[in-house]
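This report refers to the structure that appears directly beneath it.
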Amino acid sequence: MITNKGLNPGPNLDELNAKAVDILNTSLGKLCARDSPTTVKLFKWTSHEIMLATTNAVYGPRNPFNNAAVQRFYYNYEAGLITLITGFLPSVFARASLKARDVLVKAFLKYFSDSGLEEGSSVYAKNRYEYPSKLGVPIEDVARLEAGGSLGLIGNSMPATFWTLYHAFSDPAILEDCRREVSQAVHEKDGENHLDLSYVKSSCPILVSTMQEAFRTHSMGISAREVMEDHMLGGKYLLKNSPMAWGDDVNDFNHKRFVKEPGVRKYNPVAFRAFGGGATLCPGRHFASTEILAFASVIMLRFDIKPLSADGWNTAAYRETNASFRVPNKDIDVQLIPRDNKKWHVFFSEPGRHMELSNEDIVAAKGAI
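Quick note on the working numbering: the sequence shown kicks off at 1 and runs consecutively.
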(Lines of atoms letter the chains of each structure in order from A and count residues from 1; the text may use other names and numbers.)
(Lines give C-alpha, C1' and ligand atoms only; values in the text may rest on other atoms or scores of the structure.)
Protein backbone atom coordinates (compact mmCIF):
# COMPACT_ATOMS: atom_id res chain seq x y z
CA MET A 1 0.00 0.00 0.00
CA ILE A 2 1.09 3.56 -0.66
CA THR A 3 1.07 4.54 3.02
CA ASN A 4 3.49 1.73 3.86
CA LYS A 5 6.27 3.38 1.88
CA GLY A 6 6.59 6.11 4.47
CA LEU A 7 5.95 3.92 7.52
CA ASN A 8 7.87 0.70 6.89
CA PRO A 9 11.19 0.31 8.75
CA GLY A 10 13.85 2.20 6.82
CA PRO A 11 15.21 5.71 6.20
CA ASN A 12 11.78 7.37 5.80
CA LEU A 13 10.50 5.98 9.09
CA ASP A 14 13.79 6.81 10.82
CA GLU A 15 13.44 10.44 9.76
CA LEU A 16 9.81 10.55 10.89
CA ASN A 17 10.64 9.00 14.27
CA ALA A 18 13.58 11.35 14.80
CA LYS A 19 11.41 14.42 14.15
CA ALA A 20 8.61 13.31 16.46
CA VAL A 21 11.00 12.34 19.26
CA ASP A 22 12.91 15.62 18.98
CA ILE A 23 9.65 17.59 19.24
CA LEU A 24 8.63 15.64 22.35
CA ASN A 25 12.03 16.01 24.02
CA THR A 26 12.11 19.75 23.29
CA SER A 27 8.64 20.22 24.77
CA LEU A 28 9.52 18.28 27.92
CA GLY A 29 12.77 20.20 28.20
CA LYS A 30 10.80 23.43 28.48
CA LEU A 31 8.92 22.02 31.46
CA CYS A 32 12.17 21.00 33.15
CA ALA A 33 13.60 24.48 32.55
CA ARG A 34 10.96 25.88 34.91
CA ASP A 35 12.72 24.00 37.72
CA SER A 36 9.38 23.67 39.54
CA PRO A 37 6.39 21.30 39.35
CA THR A 38 3.85 21.72 36.55
CA THR A 39 0.20 20.80 37.13
CA VAL A 40 -1.63 19.12 34.24
CA LYS A 41 -4.57 16.85 33.53
CA LEU A 42 -2.63 13.75 32.55
CA PHE A 43 -4.83 12.41 29.73
CA LYS A 44 -5.45 15.83 28.19
CA TRP A 45 -1.80 16.83 28.41
CA THR A 46 -0.47 13.51 27.09
CA SER A 47 -2.91 13.58 24.16
CA HIS A 48 -1.92 17.14 23.28
CA GLU A 49 1.81 16.32 23.35
CA ILE A 50 1.39 13.23 21.15
CA MET A 51 -1.00 15.01 18.76
CA LEU A 52 1.39 17.87 18.09
CA ALA A 53 4.56 15.76 17.96
CA THR A 54 2.98 13.29 15.53
CA THR A 55 1.29 15.77 13.22
CA ASN A 56 4.21 18.21 13.14
CA ALA A 57 6.56 15.37 12.23
CA VAL A 58 4.18 14.25 9.47
CA TYR A 59 2.96 17.56 8.04
CA GLY A 60 5.84 19.93 8.78
CA PRO A 61 5.73 23.62 9.82
CA ARG A 62 2.40 24.26 8.05
CA ASN A 63 0.73 21.49 10.07
CA PRO A 64 -3.05 22.17 10.22
CA PHE A 65 -3.15 20.85 13.80
CA ASN A 66 -1.08 23.78 15.02
CA ASN A 67 -4.40 25.64 14.90
CA ALA A 68 -6.16 25.27 18.27
CA ALA A 69 -9.57 25.24 16.56
CA VAL A 70 -8.54 22.27 14.40
CA GLN A 71 -7.40 20.42 17.52
CA ARG A 72 -10.74 21.07 19.19
CA PHE A 73 -12.82 20.05 16.18
CA TYR A 74 -10.79 16.85 15.77
CA TYR A 75 -12.22 15.54 19.04
CA ASN A 76 -15.76 16.47 17.95
CA TYR A 77 -15.19 14.62 14.69
CA GLU A 78 -13.94 11.50 16.46
CA ALA A 79 -16.88 11.49 18.89
CA GLY A 80 -19.43 10.85 16.13
CA LEU A 81 -17.34 8.52 14.01
CA ILE A 82 -19.45 5.37 14.35
CA THR A 83 -22.62 7.26 13.40
CA LEU A 84 -20.86 8.69 10.35
CA ILE A 85 -19.60 5.26 9.31
CA THR A 86 -23.00 3.59 9.62
CA GLY A 87 -24.67 6.50 7.87
CA PHE A 88 -27.71 6.37 10.15
CA LEU A 89 -29.12 9.91 10.04
CA PRO A 90 -25.78 11.63 10.69
CA SER A 91 -27.33 15.06 10.15
CA VAL A 92 -29.53 14.33 13.18
CA PHE A 93 -27.38 12.19 15.47
CA ALA A 94 -23.89 13.39 14.52
CA ARG A 95 -24.43 17.02 13.56
CA ALA A 96 -21.45 18.26 15.60
CA SER A 97 -19.23 15.59 14.09
CA LEU A 98 -20.27 16.54 10.54
CA LYS A 99 -19.44 20.18 11.24
CA ALA A 100 -16.10 19.19 12.74
CA ARG A 101 -15.26 17.03 9.73
CA ASP A 102 -15.93 19.96 7.42
CA VAL A 103 -13.55 22.11 9.49
CA LEU A 104 -10.81 19.48 9.17
CA VAL A 105 -11.41 19.10 5.43
CA LYS A 106 -11.14 22.87 4.90
CA ALA A 107 -7.95 22.96 6.98
CA PHE A 108 -6.33 20.24 4.87
CA LEU A 109 -7.59 21.83 1.65
CA LYS A 110 -5.84 25.06 2.61
CA TYR A 111 -2.72 23.11 3.60
CA PHE A 112 -2.54 21.40 0.20
CA SER A 113 -3.51 24.51 -1.79
CA ASP A 114 -0.87 26.63 -0.02
CA SER A 115 1.87 24.08 -0.82
CA GLY A 116 2.21 23.07 2.81
CA LEU A 117 3.68 19.73 1.75
CA GLU A 118 6.72 21.49 0.30
CA GLU A 119 7.87 22.79 3.70
CA GLY A 120 9.41 19.94 5.63
CA SER A 121 6.60 17.39 5.41
CA SER A 122 7.27 13.64 5.57
CA VAL A 123 7.42 11.14 2.73
CA TYR A 124 4.30 9.59 4.27
CA ALA A 125 2.33 12.84 3.88
CA LYS A 126 3.62 13.42 0.34
CA ASN A 127 2.66 9.90 -0.73
CA ARG A 128 -0.87 10.28 0.63
CA TYR A 129 -1.32 13.40 -1.49
CA GLU A 130 0.57 12.49 -4.65
CA TYR A 131 -0.83 9.02 -5.25
CA PRO A 132 -4.55 9.90 -5.41
CA SER A 133 -3.71 13.13 -7.25
CA LYS A 134 -1.99 11.15 -10.01
CA LEU A 135 -5.14 9.04 -10.32
CA GLY A 136 -7.19 12.18 -10.93
CA VAL A 137 -8.77 12.51 -7.49
CA PRO A 138 -9.77 16.19 -6.98
CA ILE A 139 -7.87 18.07 -4.30
CA GLU A 140 -11.09 18.54 -2.32
CA ASP A 141 -11.50 14.77 -2.06
CA VAL A 142 -7.83 14.29 -1.16
CA ALA A 143 -8.43 16.70 1.71
CA ARG A 144 -11.39 14.57 2.79
CA LEU A 145 -9.22 11.45 2.69
CA GLU A 146 -6.61 13.16 4.85
CA ALA A 147 -9.19 14.33 7.39
CA GLY A 148 -10.25 10.71 7.81
CA GLY A 149 -6.64 9.57 7.84
CA SER A 150 -5.92 11.77 10.84
CA LEU A 151 -8.01 9.39 12.96
CA GLY A 152 -5.63 6.54 12.23
CA LEU A 153 -2.62 8.78 12.70
CA ILE A 154 -3.32 9.91 16.27
CA GLY A 155 -6.59 8.36 17.44
CA ASN A 156 -4.99 5.35 19.14
CA SER A 157 -1.49 6.56 19.98
CA MET A 158 -2.84 9.28 22.29
CA PRO A 159 -4.74 6.97 24.68
CA ALA A 160 -2.08 4.25 24.33
CA THR A 161 0.56 6.67 25.58
CA PHE A 162 -1.63 7.72 28.49
CA TRP A 163 -2.28 4.16 29.63
CA THR A 164 1.42 3.25 29.37
CA LEU A 165 2.30 6.18 31.63
CA TYR A 166 -0.67 5.49 33.91
CA HIS A 167 0.35 1.90 34.64
CA ALA A 168 4.05 2.71 34.96
CA PHE A 169 3.63 5.58 37.42
CA SER A 170 0.67 4.25 39.41
CA ASP A 171 2.58 1.11 40.41
CA PRO A 172 5.96 1.74 42.12
CA ALA A 173 7.20 -1.76 41.24
CA ILE A 174 6.54 -1.24 37.52
CA LEU A 175 8.15 2.20 37.59
CA GLU A 176 11.24 0.83 39.35
CA ASP A 177 11.59 -2.01 36.82
CA CYS A 178 11.20 0.30 33.83
CA ARG A 179 13.48 3.04 35.16
CA ARG A 180 16.20 0.52 35.96
CA GLU A 181 16.12 -0.71 32.36
CA VAL A 182 15.90 2.70 30.69
CA SER A 183 18.71 4.17 32.80
CA GLN A 184 21.06 1.74 31.05
CA ALA A 185 20.30 3.52 27.77
CA VAL A 186 21.74 6.79 29.08
CA HIS A 187 25.31 8.02 28.98
CA GLU A 188 26.61 11.34 30.23
CA LYS A 189 28.99 13.56 28.28
CA ASP A 190 30.14 17.05 29.26
CA GLY A 191 27.42 17.29 31.90
CA GLU A 192 24.62 16.46 29.44
CA ASN A 193 22.62 13.23 29.21
CA HIS A 194 22.18 11.25 25.99
CA LEU A 195 19.37 8.69 25.67
CA ASP A 196 19.80 5.95 23.05
CA LEU A 197 16.34 4.96 21.84
CA SER A 198 17.69 2.08 19.77
CA TYR A 199 18.83 0.53 23.05
CA VAL A 200 15.39 1.15 24.56
CA LYS A 201 13.70 -0.67 21.68
CA SER A 202 16.10 -3.63 21.69
CA SER A 203 17.22 -4.00 25.32
CA CYS A 204 14.37 -2.80 27.57
CA PRO A 205 11.98 -5.78 27.42
CA ILE A 206 10.04 -4.82 30.55
CA LEU A 207 9.26 -1.33 29.26
CA VAL A 208 8.26 -2.73 25.86
CA SER A 209 6.14 -5.38 27.59
CA THR A 210 4.47 -2.70 29.74
CA MET A 211 3.48 -0.84 26.58
CA GLN A 212 2.21 -4.03 24.94
CA GLU A 213 0.22 -4.93 28.07
CA ALA A 214 -1.36 -1.46 27.98
CA PHE A 215 -2.40 -2.22 24.39
CA ARG A 216 -3.72 -5.66 25.35
CA THR A 217 -5.64 -4.36 28.35
CA HIS A 218 -7.20 -1.20 26.94
CA SER A 219 -7.50 -1.66 23.17
CA MET A 220 -10.82 -2.93 21.86
CA GLY A 221 -10.73 -3.60 18.15
CA ILE A 222 -14.46 -4.30 18.28
CA SER A 223 -14.96 -2.32 15.08
CA ALA A 224 -13.53 -5.35 13.27
CA ARG A 225 -14.85 -8.39 15.13
CA GLU A 226 -15.77 -9.67 18.59
CA VAL A 227 -16.75 -13.10 19.93
CA MET A 228 -20.30 -12.50 21.16
CA GLU A 229 -21.19 -16.10 22.04
CA ASP A 230 -19.66 -19.57 22.28
CA HIS A 231 -18.70 -21.19 18.95
CA MET A 232 -17.64 -24.67 17.86
CA LEU A 233 -14.37 -24.61 15.90
CA GLY A 234 -12.48 -27.75 14.93
CA GLY A 235 -14.57 -29.85 17.28
CA LYS A 236 -13.85 -27.57 20.24
CA TYR A 237 -15.78 -24.75 21.81
CA LEU A 238 -14.33 -21.26 21.55
CA LEU A 239 -15.61 -19.58 24.70
CA LYS A 240 -15.97 -15.83 24.66
CA ASN A 241 -14.58 -15.60 28.21
CA SER A 242 -11.96 -18.33 27.86
CA PRO A 243 -8.55 -17.65 29.48
CA MET A 244 -6.98 -19.97 26.89
CA ALA A 245 -4.93 -17.27 25.17
CA TRP A 246 -3.66 -15.31 28.17
CA GLY A 247 -4.00 -17.62 31.16
CA ASP A 248 -5.83 -17.25 34.44
CA ASP A 249 -4.53 -13.71 34.97
CA VAL A 250 -6.15 -12.49 31.76
CA ASN A 251 -7.92 -9.69 33.64
CA ASP A 252 -4.81 -8.55 35.51
CA PHE A 253 -2.25 -6.02 34.32
CA ASN A 254 0.97 -8.03 34.15
CA HIS A 255 3.75 -5.71 32.98
CA LYS A 256 6.08 -8.66 32.34
CA ARG A 257 3.56 -10.69 30.33
CA PHE A 258 5.43 -10.18 27.05
CA VAL A 259 8.95 -10.64 28.45
CA LYS A 260 10.61 -13.79 27.14
CA GLU A 261 11.99 -15.72 30.10
CA PRO A 262 13.40 -19.28 30.28
CA GLY A 263 10.91 -21.74 31.71
CA VAL A 264 8.01 -19.31 31.53
CA ARG A 265 5.02 -20.11 29.31
CA LYS A 266 5.09 -17.92 26.23
CA TYR A 267 1.98 -16.22 24.94
CA ASN A 268 0.67 -17.08 21.49
CA PRO A 269 1.67 -14.09 19.30
CA VAL A 270 -1.40 -14.64 17.12
CA ALA A 271 -3.55 -13.72 20.14
CA PHE A 272 -2.08 -10.22 20.37
CA ARG A 273 -4.28 -8.26 17.94
CA ALA A 274 -3.81 -4.71 19.22
CA PHE A 275 -2.32 -3.75 15.84
CA GLY A 276 -4.74 -5.85 13.82
CA GLY A 277 -3.44 -8.53 11.52
CA GLY A 278 -3.40 -9.76 7.96
CA ALA A 279 -5.05 -7.29 5.60
CA THR A 280 -5.92 -4.99 8.53
CA LEU A 281 -2.42 -4.91 10.08
CA CYS A 282 -1.68 -1.34 11.19
CA PRO A 283 1.00 0.14 8.88
CA GLY A 284 1.89 2.78 11.48
CA ARG A 285 2.62 0.38 14.35
CA HIS A 286 6.39 0.95 14.28
CA PHE A 287 6.03 4.73 14.19
CA ALA A 288 3.47 4.82 17.00
CA SER A 289 5.31 2.34 19.24
CA THR A 290 8.63 4.15 18.91
CA GLU A 291 6.95 7.44 19.77
CA ILE A 292 5.19 5.96 22.82
CA LEU A 293 8.37 4.32 24.11
CA ALA A 294 10.38 7.50 23.57
CA PHE A 295 7.85 9.65 25.40
CA ALA A 296 7.55 7.18 28.28
CA SER A 297 11.34 6.82 28.56
CA VAL A 298 11.99 10.55 28.71
CA ILE A 299 9.17 11.10 31.21
CA MET A 300 10.45 8.30 33.48
CA LEU A 301 13.98 9.63 33.42
CA ARG A 302 13.22 13.34 33.74
CA PHE A 303 10.09 13.50 35.90
CA ASP A 304 8.26 12.13 38.89
CA ILE A 305 4.47 12.22 38.59
CA LYS A 306 2.32 12.84 41.65
CA PRO A 307 -1.51 12.71 41.60
CA LEU A 308 -3.11 15.66 43.38
CA SER A 309 -6.59 14.32 44.10
CA ALA A 310 -7.57 12.25 47.11
CA ASP A 311 -8.70 9.65 44.55
CA GLY A 312 -5.09 9.17 43.53
CA TRP A 313 -4.84 7.30 40.24
CA ASN A 314 -8.55 6.49 40.01
CA THR A 315 -9.89 7.02 36.47
CA ALA A 316 -13.49 5.94 37.27
CA ALA A 317 -13.32 3.17 34.67
CA TYR A 318 -13.94 4.11 31.02
CA ARG A 319 -16.13 6.40 29.02
CA GLU A 320 -17.60 5.65 25.62
CA THR A 321 -15.29 6.16 22.69
CA ASN A 322 -15.49 5.57 18.96
CA ALA A 323 -11.80 4.80 18.59
CA SER A 324 -10.44 1.30 19.12
CA PHE A 325 -8.84 2.32 22.42
CA ARG A 326 -10.64 2.93 25.69
CA VAL A 327 -10.20 6.31 27.34
CA PRO A 328 -10.50 7.20 31.04
CA ASN A 329 -13.87 8.33 32.31
CA LYS A 330 -12.16 10.84 34.59
CA ASP A 331 -8.91 12.67 33.95
CA ILE A 332 -6.24 12.76 36.65
CA ASP A 333 -4.79 16.01 37.99
CA VAL A 334 -1.07 15.45 38.50
CA GLN A 335 2.14 17.33 39.16
CA LEU A 336 5.06 16.79 36.81
CA ILE A 337 8.10 17.18 39.06
CA PRO A 338 11.50 17.58 37.32
CA ARG A 339 14.16 15.19 38.62
CA ASP A 340 17.06 17.32 37.37
CA ASN A 341 17.74 20.36 35.20
CA LYS A 342 20.35 18.82 32.93
CA LYS A 343 20.16 19.08 29.17
CA TRP A 344 18.99 15.86 27.53
CA HIS A 345 19.52 14.56 24.00
CA VAL A 346 17.76 11.62 22.35
CA PHE A 347 19.21 9.69 19.43
CA PHE A 348 19.09 6.36 17.58
CA SER A 349 22.42 4.51 17.51
CA GLU A 350 20.99 1.90 15.12
CA PRO A 351 18.57 3.52 12.65
CA GLY A 352 16.28 1.03 10.95
CA ARG A 353 15.97 -1.33 13.92
CA HIS A 354 12.37 -2.30 14.52
CA MET A 355 10.48 -4.34 17.09
CA GLU A 356 8.47 -7.52 16.64
CA LEU A 357 5.08 -6.05 17.49
CA SER A 358 2.80 -8.49 15.69
CA ASN A 359 2.82 -12.10 14.60
CA GLU A 360 3.54 -10.88 11.08
CA ASP A 361 6.67 -9.08 12.33
CA ILE A 362 7.84 -12.23 14.11
CA VAL A 363 7.32 -14.37 11.02
CA ALA A 364 9.10 -11.81 8.82
CA ALA A 365 12.06 -11.68 11.22
CA LYS A 366 12.40 -15.47 11.19
CA GLY A 367 12.29 -15.46 7.40
CA ALA A 368 15.11 -12.92 7.27
CA ILE A 369 17.45 -15.11 9.35
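C-beta atoms are modelled at their ideal positions from N, C-alpha and C, and glycine is treated no differently.
Going by alpha carbons, who is nearest to residue i out of the options?
i: residue 95; options: 81, 175 and 261; result: 81
i: residue 290; options: 310, 164 and 126; result: 164
i: residue 29; options: 192, 55, 162 and 112; result: 192
i: residue 370; options: 358, 298, 348 and 162; result: In the structure as shown, the chain begins at 1 and stops at 369. Residue 370 is therefore absent and cannot be evaluated.
i: residue 18; options: 330, 314 and 288; result: 288
i: residue 52; options: 71, 177 and 38; result: 71
i: residue 348; options: 173, 98, 175 and 202; result: 202
i: residue 102; options: 69, 116, 118 and 114; result: 69
i: residue 321; options: 303, 220 and 359; result: 220
i: residue 6; options: 98, 112, 129 and 48; result: 129
i: residue 245; options: 265, 260 and 261; result: 265
i: residue 16; options: 134, 343, 120 and 262; result: 120
i: residue 174; options: 204, 309 and 260; result: 204
i: residue 98; options: 178, 148 and 316; result: 148
i: residue 194; options: 342, 48, 279 and 253; result: 342
i: residue 281; options: 211, 262 and 361; result: 361
i: residue 295; options: 112, 48 and 260; result: 48
Answer yes or no: do residue i and residue j have a C-beta to C-beta separation smaller than 8 Å?
i: residue 109; j: residue 154; result: no
i: residue 9; j: residue 345; result: no
i: residue 206; j: residue 255; result: yes
i: residue 200; j: residue 293; result: yes
i: residue 107; j: residue 67; result: yes
i: residue 122; j: residue 58; result: yes
i: residue 105; j: residue 143; result: yes
i: residue 328; j: residue 43; result: yes
i: residue 218; j: residue 73; result: no
i: residue 35; j: residue 352; result: no
i: residue 333; j: residue 38; result: no
i: residue 283; j: residue 56; result: no
i: residue 311; j: residue 41; result: no
i: residue 54; j: residue 162; result: no
i: residue 285; j: residue 197; result: no
Pull up the DSSP beta-bridge partners for residue i, would you.
i: residue 319; result: 327
i: residue 336; result: 38 and 305
i: residue 359; result: Answer by DSSP bridge pairing: none, since residue 359 is not bridged.
i: residue 196; result: 347
i: residue 188; result: 193
i: residue 219; result: 325
Assuming residue i and residue j make a contact with CB atoms under 8 Å, what is their CB distance in whole Å?
i: residue 216; j: residue 274; result: 6 Å
i: residue 76; j: residue 100; result: 4 Å
i: residue 305; j: residue 158; result: About 17 Å separates the two Cβ atoms, so there is no contact after all.
i: residue 145; j: residue 132; result: 6 Å
i: residue 213; j: residue 169; result: Not confirmed; about 15 Å, so no contact.
i: residue 156; j: residue 277; result: Between residue 277 and residue 156 the Cβ distance is about 15 Å, and since that is not below 8 Å, they are no contact.
Given 8 Å, three or more beta-carbon pairs between the stretch 25-42 and the stretch 266-274: no
Touching by the beta-carbon criterion (3+ pairs, under 8 Å), the stretch 183-190 and the stretch 328-340: no
Given 8 Å, three or more beta-carbon pairs between the stretch 86-94 and the stretch 61-68: no
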